[in-house]
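Mapping to full-length UniProt numbering: the sequence shown position 57 is 57, numbers consecutive.
Glycine included, C-beta positions come from ideal geometry on N, C-alpha and C.
Encoded as structure tokens, the structure appears first; notes follow it.
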Amino acid sequence: MDIYQHFRKEEHHFIDLVCEWKRLVTEQYAPKLTDFLTPREQQIVRSIVGNHDEVHVAFFGGSSSVERKRALLYPPYLQPNEDDFQLSLFSVRYPKKFVTLGHRDVLGALLSLGVKREKFGDIVIVEDVIQFVVAKEIAPFVKMNVTSIGKAKVLLEEQPLSKLLDVKEEWEEETLTVSSLRLDAILAQCFRISRQKAQALIEQSLAKVNWKTVDQAHMECREGDLLSLRGYGRCRLQAIAGQTKKEKWRIVVEKAK
């Protein structure tokens with residue numbers, strides 16, 4: 001069976017990587033801990049590892065509500081616990097009365113360190129409380145070098161994972177009719193904007209599909225895809241319910257409230 005047939009071409013490299021992880025665990029009979037994976041990447045890992053007798057997989061990113069998680073592929077003899085995922089949680093101390101910081105500010109500060117995105121988990125912001133999870137191997141480096149976010153001076157405090165705030169997104173289901181399954185057509189309907197505006201925003205690299213930036217408006221969407229448009233929000237293509245008599249597509253989407 002062709003393992004690639006159920007995946008997009010741009011996902012083939014990641015599939016090869018997962019197959020290599022699986023091979024290493026099988027041959028070395030030792031666990032393999034990955035960097036942080038998006039939910040889509042976690043789904044791919046699950047589908048490839050499956051119910052394999054020799055290799056099991058578990059995911060953890062600090063709490064049950066986070067999106068980005070590290071995967072642990074392990075042989076059957078191992079019973080993994082939270083420590084095996086090697087995570088560190090930081091809380092940000094900053095002058096809250098004078099400064100407002102957002103997700104992009106925090107992510108920008110972390111990426112400016114020259115560390116790849118996959119070494120950072122979720123950034124959680126609830127009112128004026130900012131927390132983020134990192135791979136434990138880079139925690140000392142992050143703590144030493146993140147001294148400002150945006151224009152604010154900050155201090156990072158390491159905390160136990162039990163202190164990570166639980167944030168659950170609420171989703172609202174909606175049935176839409178679209179002229180095609182192209183990315184621009186679906187985003188236009190989801191966010192009530194013109195197709196021309198959706199195309200322009202996509203071409204400016206402001207859209208993501210399954211957490212990956214996309215700049216091609218003609219990309220065809222599939223069931224299960226998570227779409228986002230900066231400044232507008234996120235939606236998930238839950239189901240493609242067939243075509244109407246006028247040959248338009250009826251789709252079911254979930255929009256983040």
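Check: With DSSP run on the structure shown, which of helix, strand or coil describes residue 242?; Outcome: strand
Check: Between 95, 166 and 116, which has its C-alpha nearest residue 125's C-alpha?; Outcome: 166
Check: Does residue 105 come out as helix, strand or coil in the three-state DSSP assignment?; Outcome: helix
Check: Which first and last residues belong to the alpha helix (DSSP H) in which residue 159 is found?; Outcome: First-last for residue 159: 155-159, but that is the beta strand (DSSP E), not the alpha helix (DSSP H).
Check: With distances taken Cα to Cα, identify the nearest neighbour of residue 139 among 24, 89 and 38.; Outcome: 89
Check: Using CA atoms only, rank isn't needed, just tell me which of 130, 113 and 249 is closest to residue 100.; Outcome: 130
Check: From residue 72 to residue 83, what distance separates their C-alpha atoms?; Outcome: 11 angstroms
Check: Assign residue 69 to one of three DSSP states: helix, strand, or coil.; Outcome: strand
Check: Work out the CA separation of residue 29 and residue 54 for me, nearest whole Å.; Outcome: 9 angstroms
Check: Suppose the cutoff is 8 angstroms on Cβ atoms and the five residues either side in sequence are ignored; what does the same chain contact list for residue 136 look like?; Outcome: 86, 87 and 88
Check: Tell me residue 74's beta-bridge partners as DSSP assigns them.; Outcome: 56
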